[in-house]
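A.B. asks:
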Amino acid sequence: MVDQIKVIRGMHDILPAQMHVWHQIEDSWRHLVENYGYQQIRTPVLEKTALFRRSIGEVTDIVEKEMYSFDDIGGDNLSLRPEGTASVVRAGIENGLLVNQQQKLWYNGSMFRRERPQKGRYRQFHQLGAETFGMPGADIEAELIFMAARFWKKLGLQHIELQINTLGTAETRLVYKEILLAYLREHLSELDEDSLRRLETNPLRILDSKNPDMQGMIEAAPQLMDHLDQQSAEHFAELCEILDYNGQAYQVNKRLVRGLDYYSHTVFEWVTSTLGAQGTVCAGGRYDSLVEQLGGKPGSAAGFAMGIERLVLMLEEQAKVQPAPQADVYFVMVGENTVKTGQKLAEQLRDALPDLRISVHSGGGSFKSQLKKADKSGAVIALILGESELQKSTINIKFLRQEKPQLELEQAQLLDKISAIINE
RNA sequence: GUGGGCGUAGCUCAGUCGGUAGAGUGCAAGAUUGUGAUUCUUGUUGUCGUGGGUUCGAUCCCCAUCGUCCACCCCA
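Mapped onto the working numbering, the consecutive letters of the first sequence carry residue numbers 415 to 838.
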């Protein structure tokens, strides 16, 4: 035997047996966002690397070490997209979707990050996301949150909690960063190795550390909340008010800092304790400066994304989605020359009843094994065409799910009979 | 990138204190010579992850490597 070539590490085949869960997620998502008036956008999987460097941030882990990048013939350095927002903004600017307009968009696609694989964390994964443009108020952030909440409800998912925070404007964050840095430098000896590194890269992240030895120092650190400018404070208060008024539960998590550089004002995460270390199911926020940063006219923007694989894991554990039967009718054919006639009858049924799902048995096999497959297919009835039926120009209808006697009828009557059965 | 657990039949796993393997399930055939999901009988599958070392002999011990899972990190 030759060496087998296997899938790339961290990437996965999504097999037929799991597909019903994926379909449930993707179908109900599409239905949901369209009901909210969002339009779909699809962008290429590959972009110029510079797009992600400029949007996500030069010193983030994603850009520094997790992108699949390569030099294209011709000299451009390209990357598989590690997330969806940058591409959507790029496409919006490029196609004039964001100039003096409001947009509500959604997407579904593969993302790529070269991380060490783990539960709920893969090198190719899939995100559903929504991005909105041209709306500066907290009302749109509230809508995004309501949309996600409704999605969990539709899917029947439980144990997902909303955490929100505000990062203020870029300017206030800059001021706060200095205050925080001053504090942290006073406590250098208490910082662990990771935190010392973050001091240079992303000091706000230090507040999110899980290290128990640092909790006291973190508790006592100056809070961004206390250093917000008036506009930022009002914006956040407005969001909380809308959420409260609508009975949306949430937790203000002052340590919540998203990893991507482009966020400002509101950030939020939906988290669960049921997925091990990968607790974030959905995350997003406002990113007003990004459009301008990528060369568009300044404008507001807010959105979120969620990982389909993580939802699949939760659904499999919590909701027990039943696969839909593969067929309504299974066509059994045994004996010589039955195939020709059988295919013809099946095609006639398809012409007349386009919604009927008919599995025609292929590949031969005994009568017994064909009926076994008919049963497994979930079909309600089996059509049986053997040599004796062929001789008489008849066909048998066997009911697989009801205690009803088998019917033998003229082939010419098959269409009417099947119509009558499915209309019952 | 760092640390730990695990790689045996299509799937889930047992096993050999070192003498080249077994159960359940699945699949196939029959009991029922044209009738499924139950039952019974029979049959079926493996370079025991890969490469090297120790040994008369390795699936088992040792080393390396790859994969996988979990945690750190990071994040959806």
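Beta carbons are placed, not taken as given, at the ideal position from N, Cα and C, and that holds for glycine. Source: prediction; values computed, not measured.
I believe G582 touches L642 by the beta-carbon criterion, under 8 Å. Please report the beta-carbon distance rounded to the nearest angstrom.
C.D. replies: Locating residue 582 in the first sequence gives position 168, where the first residue counts as 1. Locating residue 642 in the first sequence gives position 228, where the first residue counts as 1. G582 to L642, Cβ: 5 Å. Contact.
A.B. asks: Let me know the secondary structure DSSP gives Y521 once reduced to three states.
C.D. replies: Reading the first sequence from its first residue, position 107 is the one you call residue 521. Strand, per DSSP.
A.B. asks: Here's the rule: buried if 16 or more other CB atoms are within 10 angstroms of the residue's CB, otherwise exposed. What is D702?
C.D. replies: In the first sequence, residue 702 corresponds to position 288, counting from 1. Answer is buried; the Cβ neighbour count reaches 16.
A.B. asks: Let me confirm a value: H649 is counted as buried when at least 16 other C-beta atoms fall within 10 Å, else exposed. Which label applies?
C.D. replies: Indexing the first sequence from 1 puts residue 649 at position 235. H649 comes out buried.
A.B. asks: How would you label S776, buried or exposed, when you count the other beta carbons within 10 angstroms and need 16 or more for buried?
C.D. replies: Taking the first residue of the first sequence as 1, we reach residue 776 at position 362. Exposed, since its Cβ has fewer than 16 Cβ neighbours within 10 Å.
A.B. asks: I'd like to know if the stretch 454-469 and the stretch 492-506 are in contact, where contact means that at least 3 CB-CB pairs between them fall below 8 Å.
C.D. replies: Because the criterion of three Cβ pairs below 8 Å is met, the stretch 454-469 and the stretch 492-506 touch.
A.B. asks: Taking the beta strand (DSSP E) that R467 belongs to, which residues open and close that run?
C.D. replies: Mapped onto the first sequence, residue 467 falls at position 53. It is not in any beta strand (DSSP E) - R467 instead sits in the alpha helix (DSSP H) that spans T463 to I470.
A.B. asks: Check whether the Cβ atoms of D839 and L814 sit closer than 8 Å, and answer yes or no.
C.D. replies: Not covered by the structure: residue 839. The range shown for the chain is 415 to 838.
A.B. asks: Near V671, what residues of its chain come up, given a Cβ to Cβ distance below 8 Å and the 5 sequence neighbours on each side ignored?
C.D. replies: Your numbering for residue 671 matches position 257 in the first sequence. Counting only Cβ-Cβ distances below 8 Å, and skipping sequence neighbours, we find N579, L581, N616, L618, R619, L621, D622 and V681.
A.B. asks: Assuming contact is defined by CB atoms lying nearer than 8 Å, are L770 and M728 in contact in what I supplied?
C.D. replies: Locating residue 770 in the first sequence gives position 356, counting from the first residue. Locating residue 728 in the first sequence gives position 314, counting from the first residue. No, these two residues do not count as a Cβ contact at 8 Å.
A.B. asks: Would you check if the distance between the CB atom of I835 and the CB atom of L767 is smaller than 8 Å?
C.D. replies: Position 421 of the first sequence holds residue 835. Position 353 of the first sequence holds residue 767. Cβ distance not < 8 Å, so I835 and L767 don't count as in contact.
A.B. asks: Going by beta carbon distance, what residues of the same chain come within less than 8 Å of A718, once the five residues before and after it are set aside?
C.D. replies: As a working mapping, residue 718 is identified with position 304 in the first sequence. What sits at residue 718 in the sequence shown is Phe, not Ala. Only G543, A544, L558, A562, F682, C696, A697, G698 and G699 meet the Cβ criterion.
A.B. asks: Mind pulling the beta strand (DSSP E) runs of 3 or more residues that sit fully within the stretch 559-607?
C.D. replies: 575-580, all fully within the stretch 559-607.
A.B. asks: Look up Y659 in the DSSP assignment and say whether it is helix, strand or coil.
C.D. replies: For the purposes of this step, residue 659 is taken as residue 245 along the first sequence, with counting starting at 1. Helix, per DSSP.
A.B. asks: Using 10 angstroms around the beta-carbon of M415, count the other beta-carbons present and answer buried if the total reaches 16, otherwise exposed.
C.D. replies: To locate residue 415, count along the first sequence from 1; it is residue 1. Note that M415 scores a pLDDT of 49, beneath 50, so its modelled location is shaky and nothing firm can be said.
A.B. asks: Quick one: what's got a C-beta closer than 7 Å to T752's C-beta in the same chain, skipping five residues either side?
C.D. replies: By 1-based counting over the first sequence, the position of residue 752 is 338. Counting only Cβ-Cβ distances below 7 Å, and skipping sequence neighbours, we find L799, G800, E801 and L804.
A.B. asks: For the beta strand (DSSP E) holding H679, just list the boundary residues, first then last.
C.D. replies: As a position in the first sequence, residue 679 is number 265, starting the count at 1. Per DSSP, H679 belongs to the beta strand (DSSP E) from S678 to V685.
A.B. asks: Between D742 and S791, what straight-line distance do the alpha-carbon atoms span, to the nearest angstrom?
C.D. replies: Locating residue 742 in the first sequence gives position 328, counting from the first residue. Locating residue 791 in the first sequence gives position 377, counting from the first residue. Computed Cα separation, rounded: 8 Å.
A.B. asks: Locate the beta strand (DSSP E) running through K812, then write down its first and last residues.
C.D. replies: Counted from its first residue, the first sequence places residue 812 at position 398. Looking at the DSSP string, the run of the beta strand (DSSP E) that includes K812 is T808 to F813.
A.B. asks: Is H540 helix, strand or coil by DSSP?
C.D. replies: By one-based count along the first sequence, residue 540 stands at place 126. Looking at H540 - three-state DSSP - the assignment turns out to be strand.
A.B. asks: If we ignore side chains and look at the alpha-carbon of each, how far apart do K668 and G710 end up?
C.D. replies: Counted from its first residue, the first sequence places residue 668 at position 254. Counted from its first residue, the first sequence places residue 710 at position 296. Computed Cα separation, rounded: 31 Å.
A.B. asks: For Q532, name the three-state secondary structure that DSSP assigns.
C.D. replies: By 1-based counting over the first sequence, the position of residue 532 is 118. The answer is strand: DSSP assigns Q532 an E or B state.
A.B. asks: Taking G371 as the reference, give the member of Y521, P430 and G510 with the closest Cα.
C.D. replies: What the structure shows of the chain is the stretch from 415 to 838, and residue 371 is not part of that stretch, so it cannot be assessed.
A.B. asks: Kindly indicate the opening and closing residues of the alpha helix (DSSP H) around R724.
C.D. replies: Within the first sequence, the letter at position 310 stands for residue 724. Counting along the chain, the alpha helix (DSSP H) containing R724 begins and ends at I722 to Q732.
A.B. asks: Beta strand (DSSP E) containing I476: first to last residue?
C.D. replies: Against the first sequence, residue 476 aligns to sequence position 62. From DSSP, I476 is part of no beta strand (DSSP E) but of the alpha helix (DSSP H) over D475 to K479.
A.B. asks: Name the residue from Q827, A796 and S807 whose alpha carbon lies nearest to the alpha carbon of K818.
C.D. replies: For this step, residue 818 is matched to residue 404 along the first sequence. Of the listed residues, the one whose Cα sits closest to K818 is A796.
A.B. asks: Taking buried to mean at least 16 other C-beta atoms within 10 Å of its own C-beta, is P496 buried or exposed?
C.D. replies: For the purposes of this step, residue 496 is identified with residue 82 of the first sequence, where counting begins at 1. Buried: at least 16 other Cβ atoms inside 10 Å.
A.B. asks: Could you pull the DSSP bridge partners for C696 from this structure?
C.D. replies: Residue mapping note: residue 696 aligns to position 282 of the first sequence, counting from 1. Answer is W684 and M720, bridged to C696.
A.B. asks: What's the gap between the Cα of D486 and the Cα of G424?
C.D. replies: Reading the first sequence from its first residue, position 72 is the one you call residue 486. Reading the first sequence from its first residue, position 10 is the one you call residue 424. Each residue's alpha carbon lies about 24 Å from the other.
A.B. asks: For S493, does the three-state DSSP call read helix, strand or coil?
C.D. replies: Here residue 493 refers to the residue found at position 79 of the first sequence. Strand at S493.
A.B. asks: Got a sec, what are the start and stop residues for the alpha helix (DSSP H) S776 sits in?
C.D. replies: As a working mapping, residue 776 is identified with position 362 in the first sequence. From DSSP, S776 is part of no alpha helix (DSSP H); its letter is neither H nor E.
A.B. asks: Check each candidate in G471, M631 and I772 and name the one with the smallest Cα separation from R599.
C.D. replies: Start at 1 with the first residue of the first sequence, and residue 599 comes out as number 185. Of the candidates G471, M631 and I772, the one whose C-alpha sits nearest the C-alpha of R599 is M631.
A.B. asks: So S501 is in the alpha helix (DSSP H); what residue range does that whole segment cover?
C.D. replies: By 1-based counting over the first sequence, the position of residue 501 is 87. Looking at the DSSP string, the run of the alpha helix (DSSP H) that includes S501 is T499 to E508.
A.B. asks: Round the Cβ separation of E723 and F539 to the nearest angstrom and send it over; I've been treating them as touching at under 8 Å.
C.D. replies: By one-based count along the first sequence, residue 723 stands at place 309. By one-based count along the first sequence, residue 539 stands at place 125. The Cβ separation is near 5 Å, so the contact holds.
A.B. asks: Would you call the CB atoms of T686 and H573 closer than 8 Å?
C.D. replies: By one-based count along the first sequence, residue 686 stands at place 272. By one-based count along the first sequence, residue 573 stands at place 159. Yes, the Cβ-Cβ distance between T686 and H573 is below 8 Å.
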